[in-house]
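In this note's numbering, the protein residues as written are 2 to 183.
Glycine included, every Cβ here is placed at the ideal spot set by N, Cα and C.
Owing to the predicted nature of the structure, the values given are computational and were not obtained by experimental measurement.
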């Protein structure tokens, strides 16, 4: 009686096969565009012992090109006429804001120094009809006032961070560490 082989061995062929190497294409060697361009002009420069090669652009020259017609269409007089009415503006026009006088700026500084919690940049901007950016430029807190405001804000942030869970604080630490390596 013949010994019985497991089914998995019966399915495998017992002939040895060798891995053949797939043919490889040689690397592409692009032709030199300077040598193979029939429209290129060559000019020897004897002073520098060099050759100047000028190749024209591969496309037809544009009528708006700076080299063939230096006057850009963007520099022509007046806007192009529009046929028909324009669509309505997406933002409402806020109009020009009036310039603030020196007295108004002094009053703004006085209010901010008296109570920076009440007179924030936004509140002062609404009061004097200007932008918060202008308020920040005109009456930025200086020296000890700025340090006190920053310390107070940092304490508030620290109190909020104390309520974070383990995962959130770990992710924040990882982000902080990653930012150090920038």
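Listed in chain order, the non-local C-beta contacts of residue 170 below 8 Å within the same chain comprise 162, local neighbours out to five positions each way being set aside. In the displayed model, residue 40 falls within coil according to three-state DSSP, outside both helix and strand.
The continuous beta strand (DSSP E) containing residue 54 extends over residues 51 to 55. Residue 147 is positioned such that its CB atom lies no closer than 8 Å to that of residue 136. Cβ-Cβ distances below 8 Å link residue 142 to 113, 117, 150 in the same chain, with the five nearest sequence neighbours on each side left out; the list follows chain order.
Under the 10 Å beta carbon count, residue 54 is surrounded by fewer than 16 other beta carbons and is classified as exposed. Bridge partners of residue 45 according to DSSP: 52. Each residue's CA atom was taken as its position, placing residue 100 and residue 131 some 9 Å apart.
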